[in-house]
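Remarks on the structure that follows.
Protein chains: 2
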Amino acid sequence: MQLLQNKVKEEGIVLSNQVLKVDSFLNHQMDPVLMREVGKEFTQRFKEHNVTRVLTIESSGIAPGIMTALELNVPLIFARKQKSLTLREDIYVEKVYSFTKQESNEITVSKKFINPGDKVLIVDDFLANGEAAFGLARIVEQAGAEVVGIGIVIEKAFQPGGRLLSEAGYRVESLVRIASLEDGKVTFA
Amino acid sequence: MQLLQNKVKEEGIVLSNQVLKVDSFLNHQMDPVLMREVGKEFTQRFKEHNVTRVLTIESSGIAPGIMTALELNVPLIFARKQKSLTLREDIYVEKVYSFTKQESNEITVSKKFINPGDKVLIVDDFLANGEAAFGLARIVEQAGAEVVGIGIVIEKAFQPGGRLLSEAGYRVESLVRIASLEDGKVTFA
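For the record, the sequence lines run as chains A and B.
My numbering numbers the first residue of the first sequence as 1 and each following residue consecutively.
My numbering numbers the first residue of the second sequence as 1001 and each following residue consecutively.
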């Protein structure tokens, strides 16, 4: 997606070989027109699947998620992240490890909102090791629903998440794929 | 806003005299068409102020915030909540107490994204005691910018936040105002 690639070029800040900061349009300040275009692009790529729900995770997934849900005219659900949790019968829980923050979170979704037969599109802002996407997919499958695909705004293609998700049988569509952040610059795949 | 009031009537769950659960369209599952209408309504009410930024707080403020920002064609910034924080020079920090969770959080906004002269519209999903809205307003003022108004999706008008914000000189526009949750039912103001 050219518009997004330009934005990454112009405003992305390479903090290390692993970390790209895009807090001017995606992770803290958000560009609503760009988010709407992201929603349209995911809709274009996944519309043949008769998506019934978009699922994302707080917080940076919500803006691209709601724009995709608007375009597809289906509800958005966002999973919540929590440090630890009293077990409850009415929620799905999965453990997700964050390599960036070096901590585990539990992600939760109320059982009310994903049902057997649902066709769920997972949307997230970043894909690196795939931990969050796998956690969301496991929740969909716990619910007896189907993951029709995974839409990612920015994939760090030098990390293994995209490959692992594809090998597990998921269709992954990343709007921008980054091959490397070495030498302080962004190289696209 | 009639559409929103109907939704509260049909899907809101009164958990106690203080707590209304609206997780089927606002706090966990989100209705994107309703969120777009919320964005249009806030735009209608505040457009004469030449808003340059919309400011909200993660996570449930992001969907109404991005739709408002889209309609106004300005960036959205969402404040992050954190338990405690190493002081840093590049962020504004305010302490916010949550009566619901009975804990304090620090809310933060990068100094890059609010500048002197900005006209900031604060948007949030709920207004109860006003702690979050006051915290966001203090951040705007720390930045030397102006709060042009506060747009609230659902105000619990039996709690003091709305009155306190108005007394402090802020213009508060709540799309739905709830007078009481007593006897297990929602009474609108």
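No residue lacks a Cβ here, since even glycine has one placed at the ideal position from N, Cα and C.
In this text the structure is predicted, and so the values were computed from the model without any measurement.
For A/Phe113, no alpha helix (DSSP H) encloses it, and the DSSP letter there is neither H nor E. Burial check for B/Asp1183: the Cβ neighbour count within 10 Å stays below 16, so the residue is exposed. Boundaries for A/Leu55: no alpha helix (DSSP H) harbours it, while the beta strand (DSSP E) harbouring it runs 53 to 57, taken from the DSSP string. Taking 9 angstroms as the Cβ-Cβ cut-off, the segment 112 to 128 of chain A approaches chain B at Lys112, Phe113, given in chain order. Residue state for A/Met30 is assigned as strand, using DSSP reduced to three classes. Cβ contact annotation for B/Phe1158 (same chain, cutoff 8 angstroms, sequence separation greater than five): Ile1178, Ala1179, Ser1180, Leu1181, in chain order. DSSP, reduced to helix, strand and coil, places A/Ala157 outside both helices and strands of the structure shown, so it counts as coil. B/Leu1070 reaches chain A at Pro32, Val33, Met35, Arg36, Met67, counting residues in chain order whose Cβ is nearer than 9 angstroms. If you look at B/Gln1142, you'll find it in the alpha helix (DSSP H) that goes 1131 to 1142. Close to A/Phe78, with beta-carbon spacing below 8 angstroms, are these residues of chain B in chain order: His1028, Met1030, Ser1059.
Comparing C-alpha distances from B/Arg1045 to each of B/Glu1173, B/Ala1189, B/Lys1101, B/Phe1078 shows the shortest one belongs to B/Glu1173. Short of 8 angstroms from the beta carbon of B/Ile1062, and not among the five residues preceding or following it, lie these beta carbons of its own chain, in chain order: Thr1056, Leu1076, Phe1078. Close CB contacts of A/Val38 within its chain, under the 8 angstroms cut and outside five residues either way in sequence, are with Met1, Leu4, Pro64, Met67, Thr68, Val153, Leu175 (chain order). No Cβ of chain B is located within less than 8 angstroms of the beta carbon of A/Ala143. Counting the other CB atoms within 10 Å of its CB gives A/Thr108 a total of 16 or more, which places it among the buried residues. Proximity of chain B to A/Pro160 at the Cβ level (cut-off 8 angstroms) is not reached, the minimal Cβ distance being about 28 angstroms. With contacts defined as CB atoms closer than 8 angstroms, A/Ala133 and A/Asp125 fail to qualify as a contacting pair. Closest in alpha carbon position to B/Glu1089, among B/Ser1104, B/Glu1048, B/Ser1110, is B/Ser1110. When only Cα atoms are considered, B/Asp1023 and B/Met1030 end up about 8 angstroms apart. When the Cα atoms are used, A/Asn17 and A/Lys156 turn out to be separated by approximately 11 angstroms. Taking the CA atoms as reference points, A/Glu106 sits about 44 angstroms from B/Glu1048. If you draw a straight line from the Cα of B/Ala1128 to the Cα of A/Leu15, it is about 39 angstroms long. By the 16-neighbour rule on beta-carbons within 10 angstroms, B/Ser1104 is exposed. Annotated three-state conformation of A/Gln82 is strand, per DSSP. Taking 8 angstroms as the CB threshold, A/Ala63 lines the interface with chain B.
When rounded, the separation of the alpha-carbon atoms in B/Lys1095 and B/Gln1082 is 10 angstroms. In this chain, the beta strand (DSSP E) harbouring B/Ala1179 covers 1172 to 1180.
Ranked by how close their Cα comes to the Cα of B/Glu1071, the residues B/Arg1036, B/Ser1060, B/Arg1080, B/Phe1188 have B/Arg1036 in first place.
Using a Cβ-Cβ cut-off of 8 angstroms, B/Asp1183 does not count as an interface residue toward chain A, since no Cβ of chain A sits closer than that to its own.
Contact between A/Tyr97 and A/Glu131 holds, with the beta-carbon distance rounding to 5 angstroms and staying under 8 angstroms.
Chain order gives the chain B residues near A/Asp23 as Ser1110, Lys1112, Phe1113, where near means a beta carbon separation below 9 angstroms. Note on geometry: alpha-carbon atoms of B/Phe1113 and A/Gly144 lie some 42 angstroms from one another. Here A/Ala137 is buried, its C-beta having at least 16 other C-beta atoms within 10 Å. DSSP places A/Val8 inside the alpha helix (DSSP H), whose first and last residues are 2 to 11. Listed in chain order, the non-local C-beta contacts of A/Gly149 below 6 angstroms within the same chain comprise Phe46, Leu121, Arg171, local neighbours out to five positions each way being set aside. Per DSSP, A/Leu72 lies in no beta strand (DSSP E) segment; the continuous alpha helix (DSSP H) that holds it begins and ends at 62 to 72.
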